[in-house]
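A.B. asks: In our numbering, the protein residues as written are 44 to 452. Beta carbons are placed, not taken as given, at the ideal position from N, Cα and C, and that holds for glycine. Computed from a prediction, not measured in an experiment: that's the story for all the values here. First, the structure itself, so that you have it in front of you.
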Ligand SMILES: *Cc1c(COP(=O)(O)O)cnc(C)c1O
């Protein structure tokens, strides 16, 4: 049975106070009660349509959360002030002192640093493994393992997680599978594939305009309620609440996500094929040469392509730097971290978003120093973009696979 996240969002209609086509923005931190007894009740348990304080819930955040829950075919969601706010509160909701996490070794640098450096101070330790090696994941499970933490498509190497298989391993050991879906919204629906919790950095594709940071957690109603519990919920008590004005603007952008994802994928696929054809060392999940293309084809929702992210290995950091400067001068895009913007963004993960991961571990995971990560934009004329890229590749002296293999550089 195919699932279409875009039509689920299309059916989500909320009107504003005066029949506005966009829901009204709640410009308040607190809410009045006509009856003191009602206020007590709201402290005890959630009452539909009653709001207490905006760190807990506010109506605008609730609209965005509901639309995101629909996108993932989930019962509930909470929106946060950042993707890291979403990830950290999720891990804190699932783990106590003495518990263990299993995490992919090829993961966003912030998630790595949280699990490696910060959470051990609170007694939560993490084993980093190659999540593509299911025997290694099974071997890393202990009775204290509470969470397996994966990315739907990993950062920066674009490995595709076998979510159904990882869910089986997690559940067999009494653990939960948490999937970061930031690289592939709409393309992959991890909850439908067996994951227990999905987190997104809304900062990236879902908002798509690189004008704010935001995040979300999507899961069962019970999990989201626990996250927001007035007395014990990590979201309520650590307080990474999203501002209502931002929630309103992200909700508007969410309604064009399906069109943007298709165009990002179309442009990235075009460039990936050209790069491969010219012999460059390119990785893109939509290429036949990508080791996980058939897995991805089996798991993905049809119609959104293979995403807008690709990587190019230029051999060494100096070549990568020459290329990135040339690309920026040629107006191909910006030398900047982050992704999911309407313009192309590129950076060297080894020196930026994955620099939290020590050099030896980066090398073991296959993140070479010359690797450039591209988030391909919504360019109207991608042929034209390719002609600029081609000139930059030559000017920067980026070796092709053939040259590397025959030692001509
Ligand atoms: C950016 C990113 C995050 C962190 O999100 P912020 O909104 O920057 O806090 C987490 N995971 C992935 C895969 C990301 O790309």
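Do you know offhand how far residue 93's Cα is from residue 104's?
C.D. replies: For residue 93 and residue 104, the distance between alpha carbons rounds to 14 Å.
A.B. asks: Below 6 Å CB to CB, which residues in the same chain sit around residue 258 once its five sequence neighbours on both sides are set aside?
C.D. replies: Taken in chain order, the residues that qualify are 123, 125, 126, 128, 129, 244 and 245.
A.B. asks: Among 344, 284 and 188, which residue has its Cα nearest to the Cα of residue 304?
C.D. replies: Cα-wise, what sits closest to residue 304 is 344.
A.B. asks: Would you grab the beta carbon distance between residue 435 and residue 366 for me? Rounded to a whole angstrom, and I think it's under 8 Å.
C.D. replies: With a Cβ gap of about 6 Å, residue 435 and residue 366 count as contacting.
A.B. asks: So for residue 313, helix, strand or coil by DSSP?
C.D. replies: The answer is helix: DSSP assigns residue 313 an H, G or I state.
A.B. asks: Can the beta-carbon of residue 418 be found less than 8 Å from the beta-carbon of residue 339?
C.D. replies: No, the pair does not count as a contact, with Cβ atoms beyond the cut-off.
A.B. asks: Should residue 127 be counted as a contact of ligand 1 given a C-beta to heavy atom distance under 7 Å?
C.D. replies: Answer for residue 127: yes, Cβ within range of ligand 1.
A.B. asks: Per DSSP, which one or two residues make a beta bridge with residue 324?
C.D. replies: Answer by DSSP bridge pairing, in chain order: 356.
A.B. asks: Expressed to the nearest angstrom, what Euclidean distance is found between the alpha-carbon atoms of residue 450 and residue 433?
C.D. replies: A caution first: residue 450 carries a pLDDT of 44, below 50, which makes its placement in the model unreliable, though a value can still be read off. Computed Cα separation, rounded: 22 Å.
A.B. asks: Across the segment 156-174 and the segment 137-147, are there enough close Cβ pairs to call them in contact, namely three or more that are closer than 8 Å?
C.D. replies: Yes, the segment 156-174 is in contact with the segment 137-147.
A.B. asks: Got a sec? Which residues, its chain only, sit under 7 Å from residue 269 by beta carbon, not counting five neighbours each side?
C.D. replies: 136 and 276.
A.B. asks: Would you kindly check if the distance between the Cβ of residue 385 and the Cβ of residue 370 is under 8 Å?
C.D. replies: Result no, Cβ atoms of residue 370 and residue 385 do not sit closer than 8 Å.
A.B. asks: Along the alpha helix (DSSP H) that carries residue 155, what are the first and last residues, could you check?
C.D. replies: It spans 152-156 - the alpha helix (DSSP H) in which residue 155 sits, taken as one unbroken run.
A.B. asks: Just to confirm the assignment: which complete beta strand (DSSP E) runs, minimum length 3, are found wholly within the segment 169-222?
C.D. replies: Fully enclosed beta strand (DSSP E) runs of 3 or longer: 188-194.
A.B. asks: DSSP on residue 416, reduced to helix/strand/coil?
C.D. replies: Correct three-state label for residue 416: strand.
A.B. asks: Sorted by chain position, which residues of the same chain lie with C-beta nearer than 6 Å to residue 97's C-beta, five sequence neighbours on each side aside?
C.D. replies: These residues qualify, in order along the chain: 72.
A.B. asks: Return the residue from the list 145, 229 and 216 that minimises the CA-CA distance to residue 176.
C.D. replies: Taking only the C-alpha atoms, the option nearest residue 176 is 145.
A.B. asks: Please report the straight-line C-alpha distance between residue 414 and residue 249, rounded to a whole angstrom.
C.D. replies: Rounded to whole angstroms, residue 414 to residue 249 spans 25 Å at the Cα level.
A.B. asks: For residue 436, which residues does DSSP report across the bridge?
C.D. replies: Its beta-bridge partners do not exist; DSSP assigns none.
A.B. asks: Whose C-beta lies closer than 8 Å to the C-beta of residue 60 among residues of the same chain, with five residues either side of it excluded?
C.D. replies: 67, listed in sequence order.
A.B. asks: Heavy atom of ligand 1 less than 7 Å from the Cβ of residue 247, yes or no?
C.D. replies: Yes, ligand 1 has a heavy atom inside 7 Å of this Cβ.
A.B. asks: If you follow the beta strand (DSSP E) that residue 261 is in, where does it begin and where does it stop?
C.D. replies: Start and end: 258-262.
A.B. asks: Considering only their Cβ atoms, is the gap separating residue 185 from residue 283 smaller than 8 Å?
C.D. replies: No; because the gap between Cβ atoms is not below 8 Å, this pair is not in contact.
A.B. asks: Report buried or exposed for residue 182, applying the criterion of at least 16 other Cβ atoms within 10 angstroms of its Cβ.
C.D. replies: Exposed.
A.B. asks: Based on Cα-Cα distance, which residue from 52, 331, 247 and 298 lies nearest to residue 256?
C.D. replies: Of 52, 331, 247 and 298, the residue nearest in Cα terms is 247.
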